[in-house]
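Structure first, commentary second.
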Amino acid sequence: MSEQHKKAIILTAPSGAGKTSITRFLLANYPQLAFSVSATTRAPRGAEQDGVDYHFMSPAAFETHIKQNDFLEYEMVYEGLYYGTLKSALDHIWAEGKMPILDIDVKGAMAIQKQLGDQALSIFILPPSIEVLKERLAKRNTDSEEKMQMRLDKAAYEISFNNQFNAVVKNEVLNTACEETAALIQEFISK
Ligand code: 5GP
Numbered sequence: 243m244s245e246q247h248k249k250a251i252i253l254t255a256p257s258g259a260g261k262t263s264i265t266r267f268l269l270a271n272y273p274q275l276a277f278s279v280s281a282t283t284r285a286p287r288g289a290e291q292d293g294v295d296y297h298f299m300s301p302a303a304f305e306t307h308i309k310q311n312d313f314l315e316y317e318m319v320y321e322g323l324y325y326g327t328l329k330s331a332l333d334h335i336w337a338e339g340k341m342p343i344l345d346i347d348v349k350g351a352m353a354i355q356k357q358l359g360d361q362a363l364s365i366f367i368l369p370p371s372i373e374v375l376k377e378r379l380a381k382r383n384t385d386s387e388e389k390m391q392m393r394l395d396k397a398a399y400e401i402s403f404n405n406q407f408n409a410v411v412k413n414e415v416l417n418t419a420c421e422e423t424a425a426l427i428q429e430f431i432s433k
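Under my numbering, the letters of the sequence shown match residues 243 to 433, in that order.
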């Protein structure tokens, strides 16, 4: 496949902004998109499947991939937990003639955007406000008070980078944010 067909969509946002819901909507409605399966050292949650949601691996296995230069980017997103995009994950999708969609953190998104340049469309999903984000995280009810504050502090920091991306979509109403994101992707695909 020629370089110009090797396009990718990067979705990034602070935790709780709705990026996973938007990614699911896009994958359900655009068969030409395929989810880029990241590697992580965190344990699977709920019904998550190895090779589908993530490539779950030990820290030793992850570090071997780092040494072999197998990652396009990787980060310690949370204390002690690695997440990374394997070059092979994107290559598999391109080999199938599809376009990868990456759901990754803000630092990772900036790193990939730098490497892929015009081949990538990076979209930052903005929560309506820190207050709304706080309500959403509280509703999720999976975090302790301390952990929630950590996520909120991190979110405020990440939001400060929103102008680094190709586009910003504010997720006030999920359906509208999904449609707006889809329109941006359609325009990028047709270029
Ligand atoms: P979770 O543990 O909730 O699945 O993900 C935690 C965070 O890590 C999310 O913001 C997610 O987007 C991000 N993440 C997932 N995969 C990658 C990756 O390959 N690289 C980076 N930098 N972040 C990732």
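All C-beta atoms in this analysis are idealised placements derived from N, C-alpha and C, irrespective of residue type, glycine included.
With contacts defined as CB atoms closer than 7 Å, Glu315 and Gly350 qualify as a contacting pair. In the displayed model, Met299 falls within coil according to three-state DSSP, outside both helix and strand. Taking one beta carbon from each stretch, the region 281–295 and the region 397–406 have fewer than 3 pairs nearer than 8 Å; the two do not touch. Per the C-alpha coordinates, the member of Ala353, Asp345 and Ala424 positioned closest to Phe313 is Ala353. Val294 sits in coil when the DSSP states are folded into three classes, being neither helix nor strand.
His297 is positioned such that its CB atom lies closer than 7 Å to that of Val279. The C-beta separation of Thr254 from Ile343 comes to about 11 Å, leaving the pair out of contact by the 8 Å criterion. From the listed residues Ile335, Asn413 and Gln361, the smallest Cα separation to Gly260 is found for Asn413. Val348 sits buried, since 16 or more C-beta atoms from the chains shown fall within 10 Å of its C-beta. Per the coordinates, the alpha-carbon of Ala250 lies some 32 Å from the alpha-carbon of Asp385. When the beta-carbon positions are compared, Asn408 and Ser371 stay at least 7 Å from each other.
Collapsing the DSSP output to three states places Ala285 in coil. The beta carbon of Asn271 sits closer than 8 Å to the beta carbons of Ala424 from its chain, once the five residues preceding and following it are set aside; these are given in chain order. Bounds of the alpha helix (DSSP H) holding Asp333 are Lys329 to Ala337. Look at Thr423: its beta carbon is at least 6 Å from all of the heavy atoms in ligand 1.
For Glu400, the CB stays at least 6 Å from every heavy atom of ligand 1.
With contacts defined by Cβ atoms closer than 7 Å, Thr327 and Phe304 do not form a contacting pair. Pairing Ala419 with Leu426, the inter-Cα distance amounts to about 11 Å.
Looking at the DSSP output, Ala250 shares a beta bridge with Ala362.
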